[in-house]
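> Protein chains in written order, with this note's numbering: chain A, 4 to 605; chain B, 66 to 310. From the three backbone atoms N, C-alpha and C, an ideal C-beta is built for every residue, glycine too. Quantities reported herein were computed from a predicted structural model and do not represent experimental measurements.
Okay, structure coming up:
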């Protein structure tokens with residue numbers, strides 16, 4: 004295992020979900036030699052699981068919509084911690100990115116006039132999510148995949164990256180292995196774009212696939228880049244809770260967008276009692292008013308009523324569900340009821356929510372046209388990520404970029420549904436564009452440091468050499484339990500301190516795991532390596548969560564239940580000391596231009 | 066409910082391998098993929114399989130369960146007779162990489178042959194939901210390749226050089242029937258994808274986990290287009306006389 008293959012590229016994109024594909028398309032269109040490296044087969048990335056839609060102020064259903072309202076909704080949903088420039092660019096550029104997908108062959112659902120249909124979603128003032136039933140992510144990824152296939156992008160499938168290599172403060176390449184053969188591979192690169200997605204496999208109840216092992220977050224941190232907003236993790240309010248096989252599997256917010264209501268075991272629509280002050284006056288206060296809104300929306304008319312409180316932002320709904328369950332008003336399997344059966348016709352449910360219908364029928368023996376679903380919060384998304392320049396997506400390491408879920412700052416303390424797919428497109432394109440420009444400005448490749456490669460090789464192969472070590476699956480299970488218990492939806496100082504000390508122990512255990520079999524397509528070995536990412540990033544989350552002594556968006560502290568003004572202007576930035584310890588600093592939010600602050604004033 | 070599930074899983078590579086038996090505890094609602102994961106976590110951490118979404122949306126976990134092509138994540142254990150071990154094998158049409166993982170790279174090569182979407186010049190991009198419906202059915206495809214696995218032209222006759230398989234006829238149909246598309250892919254459908262090899266036995270339609278009516282809605286209309294274009298005697302005569310297409 005002393006030799007390994009080496010490739011040279013202007014731009015290497017790591018991750019082939021929406022952000023990675025969009026970035027690769029843009030870079031390659033700029034004429035630079037581009038590689039797309041992904042852990043799964045092309046087209047299987049987590050983006051395919053996105054269901055509800057892509058948010059963009061196209062105003063094709065309600066002509067009052069525009070980028071300013073989208074910007075305001077995004078900032079308000081993020082509890083004003085978002086990097087304003089990212090939120091602004093996102094709102095301004097999302098419509099062009101969505102229209103571009105249509106021009107590349109995407110077939111979104113249509114309005115009666117033949118334009119792109121948009122649906123309502125939590126936190127969005129107007130119907131804003133262009134969609135394809137409940138499989139919008141598949142449409143997005145397939146459109147990008149088919150666009151990319153004719154562009155001369157070299158795709159390296161089932162190839163996992165373990166390290167970003169640097170030469171001083173400049174990126175020099177990345178190093179990893181082929182999943183099939185286990186052989187190591189080096190990419191020398193003028194620029195690298197991280198598009199690796201999220202960290203959700205650190206929690207027990209999660210909607211995320213095996214790929215979400217914090218690879219990009221960890222590689223960036225290890226290489227010396229900074230992370231931002233790591234305390235903010237989104238628990239989607241509606242995951243499946245029963246049977247155990249599907250616990251955590253996502254149920255699209257589109258169910259509520261299409262009129263679905265949440266009820267406790269008393270039959271009460273409990274969200275009416277859970278409208279936070281910052282949203283007072285914006286939501287229906289009676290069931291009659293909420294029903295009038297749904298009736299108008301279903302008829303394709305402009306409602307004269309306010310929207311149902313089920314469409315509050317995800318952080319608010321997830322906490323309300325948790326409260327109902329804790330106070331004994333939950334469903335038999337520890338969730339609450341989501342009812343679309345009594346709200347819409349069988350035909351409408353099957354047409355607009357075919358995936359949900361199928362999923363419940365096959366996996367839970369529930370016919371959602373007849374009976375309510377049982378739902379509860381599931382770890383879904385990380386707002387926190389690699390800190391990037393808001394316009395170019397470049398990190399603090401020259402030539403290293405990040406886009407999509409792995410990048411932080413766009414969503415602040417809480418992400419609105421639908422803003423992820425648009426984020427991927429807007430910032431994927433930007434990362435591709437600016438990385439190509441950066442690569443074109445480099446005359447040569449930066450030097451490769453063999454020591455960095457040797458360290459990565461040693462760490463990677465250690466699990467084959469350990470004697471009597473532990474099974475990596477047990478360590479992963481213990482990590483997921485720990486994060487679920489102590490760094491979950493609601494946190495306390497004691498819980499977080501416990502988690503931090505337990506994580507130390509898990510780190511020790513992770514270094515002593517033992518894997519069987521050989522190096523070819525060995526999932527136990529792959530997991531053994533992923534444990535390092537997950538533990539380091541879990542630690543970053545726990546430390547940031549301990550420091551932020553307030554509750555805001557996706558971070559709720561039982562011991563500090565209110566949002567505090569002094570915290571409202573502060574981001575937490577995570578870095579690493581030279582000894583490898585987590586270092587956190589507070590940083591004031593960048594100041595916003597007046598014309599944008601005025602948009603936020605109610 | 067039985068407490069234990071017995072599985073017989075293929076272990077090995079393309080040249081050699083064997084069926085290995087595993088017993089795992091039964092859980093309510095368990096699917097075949099859960100069972101495979103349970104074996105990985107407790108008995109054979111090097112057992113290879115692909116999966117991602119675990120919700121029937123990504124098409125990664127196709128395999129042959131008791132001889133039938135299935136998505137393991139949507140295949141309930143309690144639908145099987147548990148008095149016998151459930152057999153789980155990789156898809157047979159493709160070379161085996163290891164255990165349940167096959168080399169499906171041929172599919173990605175076929176995909177490259179299909180000319181991209183080309184919008185009509187000066188379109189206003191408006192079209193109706195009825196027009197959208199026709200192609201949205203094809204665009205539901207999650208690329209699990211189970212239709213390719215079951216297609217006898219590929220599976221039994223190994224015609225991968227000459228026939229692109231149902232998946233790529235579906236994809237081409239999605240482009241050809243797109244209301245704004247302006248490309249003509251007839252020659253590709255006839256020559257590169259070899260549509261003539263399909264003799265409409267509908268095995269592909271039967272296994273599609275997305276219930277796409279592959280044969281009737283995609284393949285037969287494409288066949289009709291080819292017949293109209295290349296084999297219509299009146300048009301043939303017209304082309305001979307005028308020299309025009």
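Note down, in chain order, each residue of its chain lying with its Cβ closer than 7 angstroms to the Cβ of residue 301 of chain A, except the 5 sequence neighbours on either side.
As a working mapping, residue 301 of chain A is identified with position 298 in the first chain. Excluding sequence neighbours, residue 301 of chain A sits near 262.
> Among A:526, A:424, A:493, whose alpha-carbon lies nearest the alpha-carbon of residue 467 of chain A?
Counting from 1 along the first chain, the entry for residue 467 of chain A is found at position 464. The option with the nearest alpha carbon to residue 467 of chain A is A:526.
> So residue 2 of chain A packs on residue 439 of chain A, CB below 8 angstroms; how close in whole Å?
Residue 2 of chain A lies beyond the stretch modelled for chain A, which goes from 4 to 605, so this question has no answer here.
> Residue 155 of chain B: beta carbon under 6 angstroms from a heavy atom of the ligand HEM?
With respect to the ligand HEM, the structure offers nothing, as it holds no ligand at all.
> Assess, as a yes-or-no matter, whether the stretch 230 to 245 of chain A is touched by the stretch 309 to 323 of chain A under the definition of 3 or more beta carbon pairs within less than 8 angstroms.
Yes, the stretch 309 to 323 of chain A is in contact with the stretch 230 to 245 of chain A.
> For the alpha helix (DSSP H) containing residue 363 of chain A, list its first residue and its last residue.
For the purposes of this step, residue 363 of chain A is taken as the residue at position 360 of the first chain. Per DSSP, residue 363 of chain A belongs to the alpha helix (DSSP H) from 357 to 367.
> Any contact between the stretch 243 to 258 of chain A and the stretch 355 to 369 of chain A? By contact I mean 3 or more CB pairs, one from each, below 8 angstroms.
Yes: at least three Cβ pairs fall under 8 angstroms.
> Which complete beta strand (DSSP E) runs does the stretch 202 to 258 of chain B hold, if anything under 3 residues is left out?
Those beta strand (DSSP E) runs which fall completely within the stretch 202 to 258 of chain B and span 3+ residues do not exist here.
> Which same chain residues end up closer than 8 angstroms to residue 4 of chain A when comparing Cβ atoms and leaving out the 5 residues on each side of it in sequence?
Residue numbering aside, residue 4 of chain A sits at position 1 when the first chain is read from its first letter. Unreliable positioning characterises residue 4 of chain A in this predicted model, as indicated by a pLDDT of 47, which lies under 50. The coordinate reading is nonetheless provided below. The residues are 186, 187, 460, 464.
> In angstroms, rounded to a whole number, what distance separates the CA positions of residue 141 of chain B and residue 423 of chain A?
Indexing the second chain from 1 puts residue 141 of chain B at position 76. Indexing the first chain from 1 puts residue 423 of chain A at position 420. Residue 141 of chain B and residue 423 of chain A: Cα-Cα distance of roughly 32 angstroms.
> Just checking: is the beta-carbon of residue 159 of chain B within a distance shorter than 7 angstroms of some beta-carbon in chain A?
Position 94 of the second chain, counted from the first residue, corresponds to residue 159 of chain B. Not one chain A Cβ lies under 7 angstroms of residue 159 of chain B.
> If you draw a straight line from the alpha carbon of residue 296 of chain B to that of residue 252 of chain B, how long is it in whole angstroms?
Counted from its first residue, the second chain places residue 296 of chain B at position 231. Counted from its first residue, the second chain places residue 252 of chain B at position 187. If you take the alpha carbons of residue 296 of chain B and residue 252 of chain B, they lie about 13 angstroms apart.
> What does DSSP give as the partner residues of residue 574 of chain A in its beta bridges?
Start at 1 with the first residue of the first chain, and residue 574 of chain A comes out as number 571. Per DSSP, A:590.
> By alpha-carbon positions, which one of B:127, B:237, B:111 ends up nearest to residue 255 of chain B?
As a position in the second chain, residue 255 of chain B is number 190, starting the count at 1. Of the listed residues, the one whose Cα sits closest to residue 255 of chain B is B:237.
> Please state whether DSSP places residue 583 of chain A in a helix, a strand or coil.
As a position in the first chain, residue 583 of chain A is number 580, starting the count at 1. It is coil, neither helix nor strand.
> Please list the residues of the stretch 519 to 550 of chain A that have a C-beta atom closer than 9 angstroms to any C-beta atom in chain B, keeping them in chain order.
Under the 9 angstroms Cβ criterion, the stretch 519 to 550 of chain A contributes 519, 520, 521, 523, 524, 525, 526, 527, 528, 530, 531.
> Which residues in the same chain have their Cβ closer than 8 angstroms to the Cβ of residue 607 of chain A, if we skip the five residues on either side of it in sequence?
Beyond the ends of chain A as shown, which are 4 and 605, falls residue 607 of chain A; an answer cannot be given.
> How long is the line joining the alpha carbons of residue 232 of chain B and residue 208 of chain B, rounded to whole angstroms?
Taking the first residue of the second chain as 1, we reach residue 232 of chain B at position 167. Taking the first residue of the second chain as 1, we reach residue 208 of chain B at position 143. Going from the Cα of residue 232 of chain B to the Cα of residue 208 of chain B covers about 7 angstroms.
> Would you say residue 589 of chain A reaches chain B, if we count a Cβ-Cβ gap shorter than 7 angstroms as a contact?
Looking up residue 589 of chain A in the first chain gives position 586. No, residue 589 of chain A does not count as interfacial toward chain B.
> Any C-beta of chain B within less than 9 angstroms: which residues of the stretch 132 to 153 of chain A qualify?
Listed by position along the chain: 135, 136, 138, 140, 141, 142, 145, 146, 148, 149, 150, 152, 153.
> Residue 269 of chain B and residue 216 of chain B - do their beta-carbons sit closer together than 7 angstroms?
As a working mapping, residue 216 of chain B is identified with position 151 in the second chain. As a working mapping, residue 269 of chain B is identified with position 204 in the second chain. Yes, these two residues count as a Cβ contact at 7 angstroms.
> Going by DSSP, what residues sit across from residue 381 of chain A in a beta bridge?
For the purposes of this step, residue 381 of chain A is taken as residue 378 along the first chain, with counting starting at 1. A:239, per the DSSP bridge assignment.
> Buried or exposed: residue 305 of chain A, going by 16 or more other Cβ atoms within 10 Å of its Cβ?
Reading the first chain from its first residue, position 302 is the one you call residue 305 of chain A. By the 10 Å Cβ count, residue 305 of chain A comes out exposed.
> Let me see if you follow: with CB-CB separation under 7 angstroms, is residue 223 of chain B close to chain A or not?
What you label residue 223 of chain B is simply residue 158 of the second chain in a count that begins at 1. So no, residue 223 of chain B is outside the interface.
> Pull up the CB-CB distance for residue 412 of chain A and residue 231 of chain A, whole angstroms please, since I reckon it's below 8 angstroms.
By one-based count along the first chain, residue 412 of chain A stands at place 409. By one-based count along the first chain, residue 231 of chain A stands at place 228. About 5 angstroms; that satisfies the 8 angstroms criterion.
> Considering only C-alpha positions, which residue in the set B:103, B:156, B:266 is nearest to residue 25 of chain B?
Only positions 66 to 310 of chain B appear in the structure, and residue 25 of chain B is not among them; the question remains open.
> Give the single residue among A:436, A:483, A:233, A:104 whose Cα lies nearest to the Cα of residue 588 of chain A.
On the first chain, residue 588 of chain A is found 585 positions in, with the first residue counted as 1. Ranking A:436, A:483, A:233, A:104 by Cα distance to residue 588 of chain A puts A:233 first.
> What do you reckon, are the CB atoms on residue 3 of chain A and residue 572 of chain A nearer than 7 angstroms?
Outside the displayed span of chain A (4 to 605) sits residue 3 of chain A, for which this structure offers no information.
> Within 7 angstroms of any Cβ in chain A, is that where the Cβ of residue 133 of chain B sits?
Indexing the second chain from 1 puts residue 133 of chain B at position 68. With 7 angstroms as the cut-off, residue 133 of chain B does not count as an interface residue toward chain A.
> State the CB to CB distance for the pair residue 584 of chain A and residue 409 of chain A, rounded to an integer number of angstroms; the pair is presumed to be in contact (CB under 8 angstroms).
Locating residue 584 of chain A in the first chain gives position 581, where the first residue counts as 1. Locating residue 409 of chain A in the first chain gives position 406, where the first residue counts as 1. No, residue 584 of chain A and residue 409 of chain A are not in contact; Cβ-Cβ is about 22 angstroms, not under 8 angstroms.
> Helix, strand or coil, according to DSSP, for residue 182 of chain B in the structure here?
The residue labelled residue 182 of chain B in the question sits at position 117 within the second chain. Three-state result, residue 182 of chain B: coil.
> Which residue wins for smallest C-alpha separation from residue 328 of chain A, given the options A:377, A:308, A:442, A:259?
Against the first chain, residue 328 of chain A aligns to sequence position 325. Cα-wise, what sits closest to residue 328 of chain A is A:377.
> Using a Cβ-Cβ distance under 7 angstroms, would residue 47 of chain A count as near chain B?
Here residue 47 of chain A is taken as the residue at index 44 of the first chain, counted from 1. With 7 angstroms as the cut-off, residue 47 of chain A counts as an interface residue toward chain B.
> By how many angstroms is the C-alpha of residue 509 of chain A removed from the C-alpha of residue 481 of chain A?
Here the question's residue 481 of chain A lines up with position 478 in the first chain. Here the question's residue 509 of chain A lines up with position 506 in the first chain. Answer to the nearest angstrom: the Cα atoms are 8 angstroms apart.
> Applying a beta-carbon distance threshold of less than 9 angstroms, which residues of chain A neighbour residue 332 of chain B?
Residue 332 of chain B falls outside the range modelled here, since chain B spans only 66 to 310, and no answer is possible.
> Within 7 angstroms (strictly less), CB to CB, does residue 407 of chain A reach chain B?
The residue labelled residue 407 of chain A in the question sits at position 404 within the first chain. Output row for residue 407 of chain A: interface = no.
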